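The next block holds one structure in the form of structure tokens; read it before the comments.
Protein chains: 2
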Amino acid sequence: MRISIIGSGNVATHLAAAFKNAGHKIIDIYSPNYQNAALLAYHVGANAINKLSEIDRQTDVFVIAVKDDAIEGIAQQLAFYQKLTVHTSGATDLQSILKYNSLSGVFYPLQTFSKIKEVDFWQVPLCIEGADAAVTKQLEQLAQTISNNVQQINSDQRKILHLAAVFACNFPNNLYAIAQQLLARHQLDFNLLRPLILETAQKVQERFPLDVQTGPAIRNDGQTMAAHLNLLGDNPQLQQVYELLSQSIIKMGIEAKADK
Amino acid sequence: MRISIIGSGNVATHLAAAFKNAGHKIIDIYSPNYQNAALLAYHVGANAINKLSEIDRQTDVFVIAVKDDAIEGIAQQLAFYQKLTVHTSGATDLQSILKYNSLSGVFYPLQTFSKIKEVDFWQVPLCIEGADAAVTKQLEQLAQTISNNVQQINSDQRKILHLAAVFACNFPNNLYAIAQQLLARHQLDFNLLRPLILETAQKVQERFPLDVQTGPAIRNDGQTMAAHLNLLGDNPQLQQVYELLSQSIIKMGIEAKADK
């Protein structure tokens, strides 16, 4: 298919590469910042533009991969062409673009993307939603050319997924950062924790997190938890994080036992 | 070396297997529960005992891998033999066993172990501490037979490491569990999040967590955070976790910018 991408950020970059690798033709890359558009366009053999009015009409699909609050404005401008148009946002419902164009859909890759790191797109869950059965079918076919984990997810479910992804990705990463700072303050190398972080994530690839919870809280080891809070004595915010998550572990442990 | 292991839990199990694979002879496995001792002893070709007084004196090293609050009592009983004796606890200082035996040390594998999952012990950071230079040297040589990541870590540093490990492992796992429950309540499959969880951990294997933080908090995207808090409306505890960790991300982002 002939695909144009609106945006040049992390999602735009990884999607553009995946489409190109799958044999699609990337037509235009749009960014209000021409340099950004040009950089990505160069990598995928596309044309760079910084005015939406310059977009090539010979495009089959417009992929809107911009900040959430810019999606609707872009969709409104693209409605003029009445082409298949998708956004890629977990937190934005279909309606916000569907109201401008009946050929609308969502193409939400559930992964954390950085420009500096390649991702095997085949493994990325790709959550699609179409305005109707025909659009959904088209999106499914397109999605299956770049991922072997394509799921139909409606707007309400997608919002839950997006929220859950914050708990499963953004918050754990912040906890890694807290751990790294604790180590740095005591001249300890973050490399000491890297295997532990990886193993913790690998463990839940085949098990449920509740079944592999370890640590002082799940053992209800009050002595260790008190010692840890004491070590955090100079940092009330970290103490609060420690207490709240320990309580959360204890509570889940009790609920899990009650279920058995 | 001839090694006897006190304990039959996760750490005891993985250490015993690693020692055996490295060519050491496991002599005795002790557990107050004979069945537990026998099960592990069978796997590593050792003798099972449930009375410490039955332990074979022809042992070079006693490895105490029991709950933290049982370590000192065991060390006191083993002091009779005056053999090289180590505990494996992150949260317990050397002094608590050194006071009974000058040939004491610590052998702390910084990893999360479950009996159901194999671990490549060569990759496990093994934190050692000896009562003196001679003991340290002996422990280092022993440690290097099972891990290629051996580090000398004193008791104060080890306590920080243990605390940091709670932030890097136990708390992220609880957040995975929260995410899984959010999905389950909306008939969504946890498989949708597994690639994201793994990628988040893989990202920090070569980068620092602060440099790869993503999500609404680091973008200061108040609209999305408000929507998420609204979705959590029926659960004040999860709202509190969401707010606290979002604040933590925002604060770290501001500090990181100020450093640049």
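Protein chains in written order, with the working numbering: chain A, 361 to 620; chain B, 361 to 620. The beta carbon of each residue, even a glycine, is placed where N, CA and C say it ideally should be. None of these values were measured; they are calculated from a predicted model.
| query | Where does A/Asn509 sit, in a helix, a strand or coil, going by DSSP? | reply | In the three-state reduction of the DSSP assignment, A/Asn509 falls in the coil class, being assigned neither a helical nor a strand state.
| message | Let me see if you follow: with CB-CB separation under 8 Å, is A/Phe467 close to chain B or not? | response | Residue contact with chain B for A/Phe467: absent (no Cβ-Cβ distance below 8 Å to any residue of chain B).
| field | Other residues of its chain near B/Ser456: CB distance less than 6 Å, five sequence neighbours each side excluded | value | Excluding sequence neighbours, B/Ser456 sits near Glu432.
| When you compare only the Cα positions, how much space is there between A/Gln565 and A/Trp482? | Linking A/Gln565 to A/Trp482 through their CA atoms gives a straight-line distance of about 17 Å.
| field | DSSP three-state assignment for B/Thr496, whether helix, strand or coil | value | Assigned with DSSP and collapsed to three states, B/Thr496 falls in helix.
| said: If the criterion is Cβ atoms closer than 8 Å, does the pair B/Asn514 and A/Gln573 meet it? | reply: Taking 8 Å as the Cβ cut-off, B/Asn514 and A/Gln573 do not qualify as a contacting pair.
| field | CB contact check: A/Leu535 to chain B, cutoff 8 Å | value | Closer than 8 Å: yes.
| message | Just to confirm, is the Cβ distance from A/Leu400 to A/Thr373 under 8 Å? | response | Taking 8 Å as the Cβ cut-off, A/Leu400 and A/Thr373 qualify as a contacting pair.
| chain A contact residues for B/Pro532, given Cβ-Cβ distances below 7 Å | Against B/Pro532, the close residues of chain A are Pro532, Leu535, Thr560, in the order they occur along the chain (beta-carbon pairs closer than 7 Å).
| message | Report the start-end ranges of each alpha helix (DSSP H) in the region 373–400 of chain B that is 4 residues or longer and not cut off at the edges. | response | The qualifying runs do not exist here; there are none.
| Does B/Arg554 come within less than 8 Å of chain A when only Cβ atoms are used? | Interface residue, yes.
| query | For chain A, is any of its Cβ atoms less than 8 Å away from the one on B/Ile538? | reply | B/Ile538 counts as touching chain A.
| query | Can you find a CB in chain A that lies within less than 8 Å of the CB of B/Ser608? | reply | Yes, because at least one Cβ of chain A sits closer than 8 Å to the Cβ of B/Ser608.
| In whole angstroms, what is the alpha-carbon distance linking A/Ile387 and A/Asn396? | Between the C-alpha atoms of A/Ile387 and A/Asn396 there is a straight-line separation of about 16 Å.
| query | Among residues of its own chain, excluding the 5 on either side of B/Ile609, which ones have a beta-carbon nearer than 8 Å to its beta-carbon? | reply | Excluding residues within five positions, the ones whose Cβ falls inside 8 Å are Gln573, Gly575, Ala577, Ile578.
| request: Mind listing the chain B neighbours of A/His546? Cutoff is C-beta to C-beta under 7 Å, in chain order. | output: What A/His546 touches in chain B: Gln517, Ile520.
| query | At least one CB of chain B closer than 8 Å to the CB of A/Asp307: is that the case? | reply | The question about residue 307 of chain A has no answer here: the residues shown for chain A are numbered 361 through 620.
| query | Out of curiosity, what's the CA-to-CA distance linking A/Tyr441 and A/Arg362? | reply | C-alpha separation (whole angstroms): 14 Å.
| message | I'd like the list of long-range same chain contacts for A/Val404, defined as Cβ closer than 6 Å, with 5 residues on each side in sequence excluded. | response | Only Ala376, Lys380, Ile386 meet the Cβ criterion.
| Span of the alpha helix (DSSP H) holding A/Asn489? | The amino acid occupying residue 489 of chain A in the given sequence is Glu; Asn does not appear at that position. It is not in any alpha helix (DSSP H) - A/Glu489 instead sits in the beta strand (DSSP E) that spans 486–490.
| field | A/Arg545 (DSSP reduced to helix, strand or coil) | value | Residue state, collapsed to three classes: helix.
| message | Taking CB distances under 8 Å as the criterion, tell me whether B/Thr574 reaches chain A. | response | Answer yes: the Cβ-Cβ gap between B/Thr574 and chain A drops below 8 Å somewhere.
| Under three-state DSSP, which class holds B/Arg567? | Note: B/Arg567 maps to coil in three-state DSSP.
| query | For the beta strand (DSSP E) that contains A/Ala586, what are its first and last residues? | reply | Per DSSP, A/Ala586 lies in no beta strand (DSSP E); the unbroken alpha helix (DSSP H) holding it starts and ends at 582–591.
| beta strand (DSSP E) segment containing A/Tyr468, residue limits | A/Tyr468 -> beta strand (DSSP E) spans 464–469.
| request: Decide if A/His447 is buried, meaning its Cβ has at least 16 other Cβ atoms within 10 Å, or exposed. | output: Buried, because 16 or more other Cβ atoms sit within 10 Å of the Cβ of A/His447.
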